[in-house]
Each structure stands twice: as C-alpha cells, then as structure tokens.
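Visitor: Read top to bottom, the protein sequences are chains A and B.
Note that our numbering has the first sequence beginning at 1, numbered continuously upward.
Note that our numbering has the second sequence beginning at 10001, numbered continuously upward.
Glycine residues also receive a C-beta, built at the ideal position from the N, C-alpha and C atoms.
Please find one structure pasted underneath; my questions will follow.
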Amino acid sequence: MSGAMTETNEPLYYSELHCISNFSFLRAASHPEELVARAAELGYQAIAITDECSVAGVVRAYTAIKQQQLKIKLIIGAEFQLNDVFIVILAPCRRAYAELCQLITLARRRSEKGHYQLELDDLQQGLAHCLLLWRPLFSPYLQSQQEHQQNLVIAKWLSDHFPQRLWLLYERQLLSSDKLKQQYYCHLEAQLGLPVVCAGNVTQHSPTRQRLAHILTAIRLHKSIEQIGFSLPANNEGTMRPLNKIQRLFPPAWLKQTEVINQRCQFTIASLGYQYPAEIVPVGSTPMRYLRQLVKQGQQERFPDGVPNPIQTIIDKELVLIEEQGYAHFFLTIHDIVMYARQQGILYQGRGSAANSIVCYCLHITPVDPQKINVLFERFISKERDEPPDIDVDFEHQRREEIIQYIYQKYGRERAAIAATVITYRFKSAVRDVGKALGIAEEQLSFFISQVDRRDNELSWQTQLADLGLNKQGSLAKHFIQLVEQLIGFPRHLSQHVGGFVISAGPLSELVPTENASMQARTVIQWDKDDLESLGLLKVDILALGMLTTIRKSFEFIRQHYQRSLTIAEIIKQDDPDVYAMLQRADSVGVFQVESRAQSNMLPRLKPKCYYDLVIQIAIVRPGPIQGDMVHPYLRRRNGEEPISYPSTEVESVLARTLGVPIFQEQVIKLAMVAAGFSGGEADQLRRAMASWKKNGQLKQFQQKLIAGMLARGYKIEFAERLYQQILGFGDYGFPEAHSASFAVLAYVSAWLKHYYPASFCCALLNSQPMGFYSPAQLIQDAQRHHITVSPIDINQSQWESHLQFPSDFEQDNQNQDTNQAKDTRHASIRLGFHLVKGIQQAAMQKLVQQRPVNGFSQLEQINALGIHRSNLEALASANALKPIAGHRYQARWDIQGETDTLPLFTNPDISAPTQQLVAPNTVADLLEDYASTGLTLNIHPLQLLRQQNKLGRCVLANQLAQRRSGSVVTIVGLVTGKQRPATASGVTFMTLEDESGNINVVVWQNTARAQKQAYLTAKILKITGVIEKQGDIIHVIAGKLVDLSPLLLSLHAQARDAYS
Amino acid sequence: MLWLYLHFPQLQLDSLLRTSSTSSAVVIVDGQQHRICQLNALAEKSGIKLGMRLSSAILLCSDLSVVHYQAETERKRLHSLTQQLYQLVANISLIPPKGLLIAVSNMLKLYGDLSTLWREIQRWGTEQEVSIQASCAYEPLSAQLLAEADHGLISNDKAKLQQLLRQLSIAQLPISKTQTNKLQRMGIHTLGALQQLNLAELGKRFGPDILQLLSKLSGRHPEPQTFYQPPPGFNHHLDFLHEVYHFNGLRFPLNRLLQDFCLFLQKQQLQCEYLRIELHYRHAAVSQIDIRLAQAEDNLIQFRQLIDLHLAQLTLPEPTIAMSFSAPQLSPKQVQSTDLFQQQHHTSSPLQLINRLQAKCGNQHVSWLATHPDHRPEKNNYYHPAHLPRPLSSSATLLSERPTLLFTQPQPLTTEVILLNGPERIQTGWWDEDPVCRDYYLGVNSRQQRCWVFRDQQGKWFIHGLFA
C-alpha cells in the first residue's frame, strides 16, 4: 500500500478513525459503500465506520470492499454522546466487537425506537477490550477553569477504566478557534500523559454532498434551510480529506497514532462465526446424523410403498450437499418450528428454493410431492452460486403470533430476534422532505406528487417535475431534482422485517446489537436480510398468510359437518379436471392468487389444465414479464400460433418448460450463466441487484457484461437486448418459480374447496377477513350466484363468526339429532356472524352467545341484563339483528337507549309506560342501514331498487352481456367496486362495476379517462356506454362515454327520509 | 318578532375575488386534511365539490389556486359589512364569522314592507360582491338555521316558515356529530320528526341540551340579542376667518383641534394610529398630510410633536383657507399595565423616538440593526427598514471573533499584512445564489491595525473589517 510522501519522504500512513455513514440517520450524507470506496481511492490504510450507537452500516461497507476488491481495511466502531462526554469506541478484536454490540444493545433497549441512552457508568464494565477515543470539552472563547477541571476528572476516570486503550480525539474543522484548540490539546497531552490521535469527523465522502448534508440537517430539525442558520456547519470540512491536506492540518506525532491504532485493530466482520442453537440436536447425536435420521423417518411416512430409486438418489445427493455446506442446523431449526405448528394444528407451508427439495418433503416442511414438480429440482441449493438456502414458512395469519411466541419461549429473547428492514427514501418521501427543507409549500408538493406518473416509461420523473413549472419556484428549486435524486435510497430508519428471525447459539447481542421496534415487546437486530446473507448468517422466515387460515377453517367445517378429514397433501395428490374446468371459466372469486381481475382475465386464455400450468399462471400475471414483452409470446406458443424455437441448446435447457419464454426469475439467472457466461458469484450479485434496482439502480453495471457475454457466445444483439429488458422488468416484481410452485398448491387447494365445498369455503373466507381481493359483500354475492343461501345476522342464530346451517339444525327435537351424521353439502347455508357488524366487540358478543338461552332471547331486557356495553347493542340493532325480539331497527335502537342501567334489584316491572313508537324504515332506509352497519345487504341491491324506480334508463345487465355480439354498443350501469391500474398495461384502467346480476369488467383508456376526468375519478355509480369486446369467455366493455350517476345515491338518502316529510 | 338572517357562505372567497381578479379556479381549504370549504364557479365547473380533499381536487383541475381558510379574514370582513349595512338597517346582531341577524319588525315602518327591505339588502349585497343565503323566521336561531341550510324564505308567513323548519335536516342542527348520527340511525332525519318525539323520553336519551335547542327553536326560550353599535370616528372641518400664510399660523387652530381630539379619545377609551390633515386653498390642490404612528397613541404631546415635525417640512403653495382633520381608524385602547410607582409615562418609549425620527428624516432613512443566523459575515448582520414590521429576533447572535467594524463590501487588500491566526474557512450559502468560499485570517498591517482578511477561491486577498 502506498501512502503520500511527507516532506522528509516518509510515507504517510493514515487511517480514518471517526466517520459516520447515512446509517446515522439524517446526519451524514454518504452511503457506507461510498465511504470505503473513497477511502481506498485516497490511499488510507483503514477506515472505521463509527455510526452513532449503531453498526447498521458496516456490513454494506464490508460487502463493498469484498465485491470491489478494495485495498482498505475496515474497522468496526461506533460513536456515542453521553451527556457531556463524546466518545468513539473501536473494536480491535472479536471480544471487543461483542462488547461493543452489547453496549449498543444496552443503550438502545432502554430507550424508545430510534433513540439510545448511555451514562458514563455504563462504560465501567464489559468493555475490557475496546479502544476508546475521547473528545475533551472545549469551548473556544469561554474556556473556563471549571470546564478544564471537568476534563481532568473525566480523563482520570477514563484512564482508570481504559488503561493503554484511551486516546484524546483531535479533530480540526477549520474554525477560528483551531489554534487555541490545538494548544489546549498539547497542554492536556502533557498534563495527562495520554496520546492524542487525530481524525476527520467525516460525514460525507465527497465535497459535492454539502447540499445534501444541509438538507438532511434541515429534515432532522423539521425546518427549512433558510431557518436553520448556525445549525449548519460553516464550511465543508466534514468531507473525507486527501492525504496531503491531512498532512498540512495535523502534527505528525498525532497522525502516527492513527497507524498505531490501525495496527491494533485486527477484527474483521467476515470472521463472525455463527453457531446454531444446540438444543435442536438430541444429546449424543450430531446435526447431520440427526437430520439423516429424521429424513429416514419421513421417507417412510411419505413413501409408504418404499422410496423409488431415482428419488432415493436425489435424497442422497441433497443430503450430501447439505452436509458439505453445513446447513443441517438450518433444516433442523425449521423442522422444529414446523413440528410445533403441526402439533398445535396450525396450518403452514414452506416455500422457496430449498423448500422444494425432497428432504423438505420428508421433513413435512412442504406438502408438495416432488414427483409432480421434478422440473424444479435443479434449483435446490446452488453450490456454485454459494447462496444460502431459501426457505420461507407461511402460517395461518390469525395464528402466526403463536409461532413467534414459541420461538421466543424456546430460545429466549437474548437468542432470537427479528431482522431489520431498512426503510429508505422513495420518490414520494424524498420529494416531500427535500421540498419542505427547501421551503416549498406543502400543497405544492402534494401537487407535484399527484401529477408525476412514475410508471410513465417515456418521461422520467425529472422531466415531468421540470414540466410542472418547478423552475419558476425560486432559486432553491433548481436544486430540487438533484437533491431528490441523491436522497432516494438513503436509509431513514430501521423497521421490523415481516418475519425474518435470527436464532443463535449464544447471546445474539454478541453477534449484532438489537434495538426496540415500534411494536411492544419486539426487538430487531441492526442488520437487514441482505446483510445477514452477506455474512452467511441464516434467518428463518415466519410469515403470515390469510389463505392458510381460510383453508384450515374450511377443513374444520368439512370435518364437523361432513365427517371428512382433509389435508393439503391429500387434495393435491391428483389433478381434478372439474376443478380446472371451474378455473378455466374464470370462476375464481376467493381462490388464492388467481382471483384478481388481471388473473381472472388470464384464466380463460391460459386454460390451466394441470398443477404446473397454475405455477406459470401465478407468475405470468405480474408486472415483470409483461414489461419484458413476454406473456403474449407464451400464450401464442401455447396455442400453437407461434413456433417454439431456441437460439441454442443451452438456452433450450433453461427455457423448455416455459416454451422458450423466460417467466421465472430463476430462468433469467440461469440464462445469465449459460448464455452470458456469468460465474455463480456474479449471478448471485445479479439476483440481488434485480431485487433492488429501482431503489439504487445497481443493475446498470451488469448491462454491459450481459450483452457482451452473449454476443461473445454467438447470440444475436436483439436477443441480448431483450434479455436485459426482461431482467429490468423482473426487477420490481420478479417472481421465483420456487415460490410460485408453493403458491400454486394453495391456489389449487382453495379452488378444490370452492368447487366441492362452496359454502364451507365462502364461510371460511368470511371468517378470515381481512384478506384477499374481495370484500365480504362481494364474497357473499358470489356465493349467492352459486345458489348458496345466506341468512342474515340474528341475535338468536348467529355466532361470533359466520357458520354453516343445515335444515336439520332447525328440527325441534335437538336432542335426537345425530350430530355425527354427515350432511349434504347441497343443503348448507351460511349464517352470517356478529363479526360482520361494524363497531362491535368480540368479547361482548362471545359472552352473549355463551349466555344465550337454549330457545334464544325473547325480550330485550334479557340482553340488557347481561351487562354488555350499550354501544354493542346499538350496533346489533342497526344491523337488524334484534328484529326477532325488538321490532324494527329504529325502534330497537330507541328502546335500547331508553334502558337505564339499573341494578336488577331495583327493576320495577310496573313502571312500563308505553314508549314512543317510531316509524319503521322503508325499503331504501333498510338498504342504507344494512350498508352502514355491515357493509353488505342480503335484500334488494341498490341498483335493482333504482331500476325499479326507472332511474337508470335503458341498460344491459351484467348477466345479459354474454348474449350480446362482440363489437356491439351497450349501455351499462353499476356501482364502482374496483379501479385497478396495473403497471402491465400502460394507460389502461380496469374498472369493475357491480349491478344486481353480477360484475362487469370495464376497460377505460387513458384518453377516455382524461376527457371525462370527473366521472372517472369521483363517481360511485357510473353509467357507461361502450363497446363489447369478447375474447373467448372474457367479456369487456371498452368505455366510451362515462356518466356520473352518484346523485342517485343522494336521492336514495332522501327517499329514506320520506317517512316524515 | 320577525327576524332576518343573512348567511355569507363564502365570505373569504368573495373578499378575495373582490380585490384580485383571477381567471383560474380558486378553492379555499380548511383543516388537517385540506378539505375544500369554499370554491369559485370555475372550480365547481371542473367537478370539484365542497368537502372534497385537496388531493382529489388537484386531480380534477391541475391549474388550481389554493388558499387556506382564515376565520379572522372573514370576521374582519363581517365587521366592515356590518358597518356598511348599518346605513340601511339599524338593529343588526353579529354572528361571526359568517352571519348577521336583523330585527326586521322595527324596520318595516321605514321600508313599508318586507320585500322592499329585502330588495335593498340584495342590492347592497351585489354592490359588496358578497353571496348571501337568507331567511326570515320568528326566532333568531330558526332564521339562522334556515339561512345556513339555504332552505329559507323571505316571508312573514308563520305557517310556511314553520313547515320549512320542520323539513330541516337534523344534520343542520347545532348538535354534535355523534348525536346527529344516533338520531339518524333511529330514522329521525328532520327537525319535524325530532319535534314530534316525547320530550321526556328524548331528554332521557339525548340530554338537556337538545331540549334547550328545541325550546329555542319554538320560541319558548327567547334569546336576548346585542345589537351593533358603530365605533365613532373623529372628523372635523375648520374654515379660517383669515387666510393663513405660514404654518405657524396653523398652530393655534390645530392645537384646539388636537385638544378636542385627545379628549374625545380618552373619553371613548380609544387610540389613534393614523390621522390626516388636509389644507385647502383657493386655487391649488389640497395638501394632504398623513401621519402614521409606529404605535397607537392618545397623547396630546405626542401628536403635537409629530405634527410640528411634519408641518416644518411643508411649504404652503398659497395661503390656506380651511383645514380638515380626520382620524378614521380608531381602535380601542390597549390598557398597558403601568406600574403606579414607576412613572414610566414620563420617559418616551423607543417607539416614540422612532416616530419622531421617521417624521424628521423620512421613513426610508431609519433602520433597525438586525442579525440573522448565517455564517456568511455579510448576512450575519444587516439593516432592516424601521417602517416595516420588526423581524422576529431569533436566537441569532453575532459570532464572536468577528471584527468590530465590518465593511459592507470586502475591499481588495493592498497593504502588507502579517497573519496571526487562521484559516477560518467559510464555505456555504449555496441556497440563495450568493455562495462564499473563503479562508479568513486575523492579521496586523503596517499601521498596527488588527484586520480581518480573507483569501477567496481564486487566491485573491481582501480585507473585510477591522478589530477594535
């Protein structure tokens, strides 16, 4: 390594020992990666990243050094402000690093999220190996004797506790007081006998970041730049300095100390040995031996007729790989969690590359029989890609907390914590914060944000913002775009990952600091999942999935009423043509992943016939593949309208299963390897860059390499360009095949349930809300269209959740009813539960159900006597649930409010004065009350009502559209229930209108929307005249004229009041 | 008694459009969520509605002028409207910020009938360019509610008015949102329905407030009204018996006027911030002397001193024959708690001094010395015109180690200077087109003056100040 030459021609060895990154949120203006790269460029020996009470940025710095092979040493440290005392702590060795992590954890855990608190006394113990740089108090013009005395006391205390590990920290910011300060340090050095070391107090890697640094300060102080004056530094000396400048600024002896410290720091973060918890393995066994044993047991359960030979070969291969890579513990940990869930009857499913292995099938981590999807085997753990195995486990969303509590209880909070998610600045937040700091009015900023179309591929947001007349906003505004550009991607705070757990053998706080999350009793570590991956640390993803709740609840209904026990594995054993036929008709409301408008449009076109078709269907309707112009070719090839060809046999090996069209993320990665010659490591970098390219634009660096690589291997430039475009398209939403495969299982299971047990399935969906794409009202309408009876909420019939009812339930003689007899699915009806009533408390309703007399309540007084809060009863009254006992809902509400909360002792039945009789609601009022209290109605649909009143004019009903010719002009009217503007189709909005007969799919082109903005944006009821377009079974109406009929809703409100006028 | 209520639904917007013409859509927004509370016709045409959020409104109309609602603006405008209306009708009661209540019965003698009065008021409204929703009723509150709901009637027909009142939506009543909601959920949507209910049972469910409201509306609970009294102004005109040639000759009559004026002020507990003296001639145009005070006064000596200073600068174009004296804007006196034992009123306050300096030298020549938190020396302290509102004194202190005498403009350094301390680098100010990048030093020149010098980025040297 070369240093700058001093005047005496000695090379200058300089290490920067005090430098913060943008992980000291809103204080520093450079990414850790930029800091290490610049330090290497300047020829520093080492750089310490010393963020404020944090090590959140160090892994990124380490990764940058490793990937770019920078010649610089990384020192880990942190700075702390403890009341008057400012210190920097550095970790020279592994022990010191553990001490530092513990100190940060201590300081963070005792404060609320984002803050820390530390006292001098906290340094007394547990820091036996750390180096400490102390910045003595110095106020240039008021330097009092008292302050000096205080310095002496602190110095004495610190040198007692940090013998030979304490330095005075001298930093020079080019202020008028520099000379005095240096003199004072000389004095202290002599008086205390402590060495002085100099440092840069670096907050940015380049002088060009001054503006951003100022903006960050303004954001931090919630003021505008012009208001903060002296809170900004007088100059730009927080920049990393070149060696020759450093040499001019500091005395040589103090500079030398940086090298002394550098020599003492030998810890590298790469050496963090991660140890798995030991309790996973029984005493006397080894992880691998135990894993083999569990797989053996699982084999017998999964293959009762003996393992076929090819399968056995694969199992053996997988186990060898697991052993070589040292992943046995990881599989065991997941197995342990999954076994707990099985025991508790919590439904789960593993997904991810490793989840689709036979080992995982045998360990009951996934129910997918690998024989069905053998095509997936190539993506297990890729040894050459050196990428850690990927297994996420989804659990029922209403019961995931139980799993989390199990993990905490089993490993303790010291050893288990959730990974962080670094919340970074996005376009909107950056515009808002930079704008405020520049003093732009908030309304103006809202305007900018609403006007910029981020999906516009032709005009960049920069151009769009400039077009909005930003430049006229004054002198500050011309910096706006550049600052927003710089701020995007800057970390803002740490948040909690959705479910990534880190579990370790020893205390986690020796590995990485933990801090409080905003959620009560949750802690997060300071690293996110990329950091963990970079260091080869494994996390277990514990995720929540609503559909699993629905499936489990469906299974329970089926077991209870039809005496049939089902499992996911059993349902997916074979492909049922009837189930696929239903999906091909786009009859998919409620079905996992394929229920959305875009998905259900694709179903009749793709016509899935088998499990793997579903895997493709789920991945294909995503923004990625379409931006890459790839879906249509797949459909054309599938329908035999386009020949299937491959540019080479290597490419064929990757793309054959999707007819030559890349659909999955894995295929793109693999293509980069076989067609562009990427190494395993490079391909892994590509994979990560794809996941975050919108955030930081890292993908660009691969463009050149990809295209050059493919040209060199004889591919045409068009193919190469197209592949690159596809990668860009995948970036945001790229869907891995491994995950699609697991989702397809749940899609099939939910479709199967919908087909064979529609009432149970719908009821389970209602009980799993909120989830999925449709509201309870829409789910109920779908059920009704499938001829399922849905009964209203009833004080004497309903439970908290919705449940199934059968004619036999109403037979008088309940005693003789054989509850074990399987019932006929055709007779099942759904009784809506109290949970659908807005503003009602679960505990109160459960109490009510428990204390309900066998023959039900007969009087309001009985319910009143339960002592349930009156607001619950009012809500029940408005939902018309009290109808059987208290008359119409208006009267019920009036009566409830009249009840005085007297103790039963004093109730005097004699005083029963005739109460005020209220007028009963009319049909319209009933309808409005239904919507207001439950968001749905089982009676007349509002559109039917309006139609009966001849308010809609001539128009076609949703269920009549099928009989109309394609290309003919129709007029339709409906409630606007959905407006979707997928990124896949530029400029198009999919609108869903609902009338009493069903849903109508409307396509609104951008120009139509623009020309009729008001109706398009604000209408609640729309009348649309347009052209029918039919493609097979799919019917769209292409909107022409839009008329806002929302005033009709108001007219309904007026009608509801008619009773009194 | 018959009442007429005038409700001004978009008072702020009307006043705004009155003083500035605009061809774009204008909305006034209120509250945290920026909901539209007033809008002009153009905004309405683009589909914007009352109660809409600003963000949705922007989508409908990108060329939108947005103004924040200010009750204070409306209150002021209401006052001035009342002043004007007072010329037409006598018994007006202010219901800020948007309403006026008029006792009509007394006025009918003057106007003959209701429709004549109403026509006059409408004409006045057009003149004032203010939108009005109005209604009559036999109870003040009823008139107000009908007018606010735009459901009113200009009539003395009791039965018709009662019917309108019965149709009034309960959402228009001055009761809480929760109560409104409760009533609606029991099918009670109109005042008529509410009035039909058994009062005892209603009271049991909704509390005494609603009963009181009902009795106000039915006239069982009359509300006393306080009527508007115009604040007095002071106007006096004086024809001289003899032509006056020199301003000395004005002193005596002025003194008399001032004495009367101050007596008036003290009696009425008013003070004056602005007064105008006009001198009339036979031929020449009237001379106007406007006297604005930095601080409202009611003190004879203060006025006299100021007027003397102003008159001293005046040359009469020809002999003056008459003088008028007016003080149109009088404000209630702010009682300053002066300590009984601290004879503060003997010493003149700084503001009084400024008044006198301004009168003597002219407004533009009197400035405050102000500081601003900025590292750039030129921006750190500056002059602020004294007749403009004084800048809020921020925590901006002057930096130490700055010279006692700072040059307004740095001057090129021409003499040799020995540098004693430095550099102090000042490199900032990118945000206002006036960035600096300088290394400052403390130096001594050949005359043993301690000077503050700097080198700029081009390596040129300047002197920027001298230390004491």
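#1: Which bits of chain A does B/Pro-10410 rub up against, with CB to CB less than 7 Å?
#2: Helix, strand or coil, according to DSSP, for A/Gln-117 in the structure here?
#3: Can you tell me which of the three DSSP states B/Thr-10226 falls into?
#4: So what does DSSP say about B/Leu-10042, is it helix, strand or coil?
#5: Skipping 5 residues on each side, what residues in its chain have a beta carbon closer than 7 Å to that of A/Ala-437?
#6: Hey, quick one: how far does the beta strand (DSSP E) through B/Leu-10451 stretch, first residue to last?
#7: Identify, in the order they occur along the chain, each residue of the same chain with its Cβ nearer than 7 Å to the Cβ of A/Tyr-411, setting aside the five sequence neighbours on each side.
#8: Quick check: what's the CA-CA separation for B/Phe-10454 versus A/Val-202?
#9: I'd like to know whether the C-beta of B/Pro-10373 is nearer than 9 Å to at least one C-beta of chain A.
#10: Kindly list, in the order they appear in chain A, the residues whose Cβ is closer than 8 Å to that of B/Ser-10056.
#11: Please classify A/Ala-744: does DSSP put it in a helix, a strand, or coil?
#12: Please check if any C-beta of chain A sits within less than 9 Å of the C-beta of B/Trp-10431.
#13: Exposed or buried, which one is A/His-869 when buried takes at least 16 other CB atoms within 10 Å?
#14: Where does the unbroken beta strand (DSSP E) through A/Arg-492 begin, and where does it stop?
#15: Relative to the ligand NAP, is the shortest distance from any of its heavy atoms to the C-beta of B/Gln-10133 smaller than 8 Å?
#16: Are the CB atoms of A/Ala-78 and A/Asp-122 within a distance shorter than 9 Å?
#17: Give the residues from the segment 10187 to 10212 of chain B that approach chain A closer than 7 Å (Cβ to any Cβ), ordered along the chain.
#18: Using DSSP with H/G/I as helix, E/B as strand and the rest coil, what is B/Met-10186?
#19: What is the C-beta distance between A/Ile-1021 and A/Val-973, in whole angstroms, given that I count them as a contact (C-beta under 8 Å)?
#20: Of the residues that make up the segment 10130 to 10152 of chain B, which ones have a beta carbon closer than 8 Å to any beta carbon in chain A?
#21: Going by Cα to Cα distance, which pick from A/Val-524, A/Gln-520 and A/Gln-1012 is closest to A/Gly-500?
#22: State buried or exposed for A/His-787, treating a residue as buried only when at least 16 other CB atoms are found within 10 Å of its CB.
#23: Give a yes or no on whether 9 Å exceeds the smallest Cβ distance from B/Thr-10428 to chain A.
#24: Measure the C-alpha to C-alpha separation of A/Glu-259 and A/Ser-54 and round it to an integer number of angstroms.
#25: I'd like the span of the alpha helix (DSSP H) that includes A/Val-668, first residue to last.
#26: Reducing DSSP to helix, strand and coil, say where A/Leu-169 ends up.
#27: I'd like to confirm the pairing. Which residues does DSSP put opposite A/Leu-545 in its beta bridges?
#28: Within 8 Å, do at least three Cβ pairs link the segment 409 to 425 of chain A to the segment 359 to 372 of chain A?
#29: Pull up the DSSP beta-bridge partners for B/Tyr-10441, would you.
#30: Check whether the Cβ of A/Leu-903 lies closer than 9 Å to any Cβ atom in chain B.
#31: If A/Ser-742 and A/Thr-366 are in contact, beta carbons under 8 Å, what's the gap, nearest whole angstrom?
#32: Any beta carbon of chain B sitting closer than 9 Å to that of A/Gln-817?
#33: Where A/His-561 and A/Asp-824 are concerned, what is the direct C-alpha to C-alpha distance, given to the nearest angstrom?
#34: For A/Val-1004, which three-state DSSP category applies?
#35: Determine the DSSP secondary structure at A/Phe-25, reduced to helix, strand or coil.
#36: Can you grab the Cα-Cα spacing for the pair B/Gln-10342 / B/Leu-10353, in whole Å?
Guide: The relevant details are as follows:
#1: Per Cβ cutoff of 7 Å: no residues; B/Pro-10410 is ~17 Å from chain A at best.
#2: coil
#3: coil
#4: helix
#5: Ile-215, Ala-218, Ile-219, Ser-224 and Ile-225
#6: Looking at the sequence provided, one finds Cys at residue 10451 of chain B rather than Leu. Taken as a continuous stretch (DSSP letters only), the beta strand (DSSP E) holding B/Cys-10451 covers 10450 to 10456.
#7: Pro-277 and Ile-503
#8: 25 Å
#9: yes
#10: Leu-1017 and Thr-1018
#11: helix
#12: yes
#13: exposed
#14: 491 to 503
#15: Of ligands this structure carries none, so the ligand NAP is not represented either.
#16: no
#17: Gly-10187, His-10189, Thr-10190, Gly-10192, Ala-10193, Leu-10197, Asn-10198, Glu-10201, Lys-10204 and Arg-10205
#18: coil
#19: 7 Å
#20: none
#21: A/Val-524
#22: exposed
#23: yes
#24: 24 Å
#25: 665 to 676
#26: strand
#27: A/Glu-396
#28: no
#29: B/Val-10453
#30: Any reading at A/Leu-903 needs caution, since the residue's pLDDT is 45, under 50, leaving its predicted position unreliable; the model's value is listed next. By this cut-off, A/Leu-903 is not an interface position.
#31: 7 Å
#32: With a pLDDT of only 49 at A/Gln-817, under 50, the local geometry of the prediction cannot be trusted, and the value read off the model is given with reservation. Judged by the 9 Å Cβ criterion, A/Gln-817 is not in contact with chain B.
#33: 9 Å
#34: strand
#35: coil
#36: Because B/Gln-10342 carries a pLDDT of 49, less than 50, the predicted location of this residue cannot be relied on, and no value is offered for it.
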